[in-house]
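Student: The opening position of the sequence shown corresponds to residue 1327 in the working numbering, with each subsequent residue numbered one higher.
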Amino acid sequence: MGRQKIIGVILGSIREGRVNDRVARWVTGQLERHGFATRLIDPADPGLLPVQIGDKAAIGSLHQRMQGLDGFVIVTPEYNHAEPGPLKTLIDSSGPGWFARPVGLISYGGMSGGLRAIEALRIILAELHTVTLRDTVSFVSPWRRIDEAGRIADPEDAAAVEAAMAVFAHRLDWWADALAVAREGRPYDPEEG
């Protein structure tokens, strides 16, 4: 479709010293390289942190940030075989901005690369009427692979992950187009049926 798509990049961690920022910088750079505009949705942002305790103004701000997006990419660590609690709270507080939108999942962690967090998120996101991409990108030990600026130092490693991200971006673009056409032809109503 003609206009540049805007993708919400949602961070999963609020921990101090988190690796999430490094991975998100890499992801944002890759998405922009593939022609997307990005909007960061960070649960640690001072305007969104009160979402964690149900603050109505912060939840309203979250809803505003999610409006007008063509899709989402969640960048999350895996904590104890699942997504972090603050990410789950943010998702649960988000409202209808998810409906009939594609969601790509990028994870990181120890030996599993965060894949168990991705599997847990698929179930949650299905309940919110999203379409999750089959293809994912996962990082094992990103604290050793990605620098503070979001760069992967090893050229072979970078090439492999960038190839996976190219497929990911292609799928995200396709689903964003397909779901936009569907929403224009028939507005999505989760209560219908």
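Glycine is no exception: its CB is placed at the ideal position from the N, C-alpha and C atoms.
Within the same chain, show all residues whose beta-carbon is closer than 7 Å to that of Glu1474, passing over the 5 residues directly before and after it, in chain order.
Tutor: Around Glu1474: Arg1348.
Student: Going by the beta-carbon positions, is the gap between Ala1495 and His1360 smaller than 7 Å?
Tutor: In this structure, His1360 lies closer than 7 Å to Ala1495 by Cβ.
Student: Which residue's Cα is closest to the Cα of Pro1468: Gly1355, Gly1421, Gly1511, Ala1484?
Tutor: Looking at the Cα atoms, Ala1484 is the closest of the given residues.
Student: From Asp1371 to Ile1449, what distance separates their C-alpha atoms?
Tutor: Distance between the alpha carbons of Asp1371 and Ile1449: 26 Å.
Student: Spatial neighbours of Pro1410 within its chain, please: C-beta separation below 6 Å, excluding the five flanking residues on both sides.
Tutor: These residues qualify, in order along the chain: Gly1338, Ser1339.
Student: Which residue or residues does DSSP assign as beta-bridge partners of Ala1408?
Tutor: Its beta-bridge partners are Tyr1405.
Student: Could you compute how far the alpha carbon of His1407 sits from the alpha carbon of Asp1515?
Tutor: For His1407 and Asp1515, the distance between alpha carbons rounds to 33 Å.
Student: So the beta strand (DSSP E) Thr1462 belongs to, where does it begin and stop?
Tutor: Taken as a continuous stretch (DSSP letters only), Thr1462 belongs to no beta strand (DSSP E), as it is neither H nor E.
Student: Go ahead and label Trp1500 buried or exposed: buried means 16 or more other beta carbons lie within 10 angstroms of its beta carbon, across all protein chains shown.
Tutor: Exposed, since its Cβ has fewer than 16 Cβ neighbours within 10 Å.
Student: CA-CA distance, Leu1366 and Ala1504?
Tutor: Approximately 23 Å between the Cα atoms of the pair.
Student: To which residues does DSSP link Thr1600 through a beta bridge?
Tutor: What is shown of the chain runs 1327 to 1519, which leaves residue 1600 out entirely.
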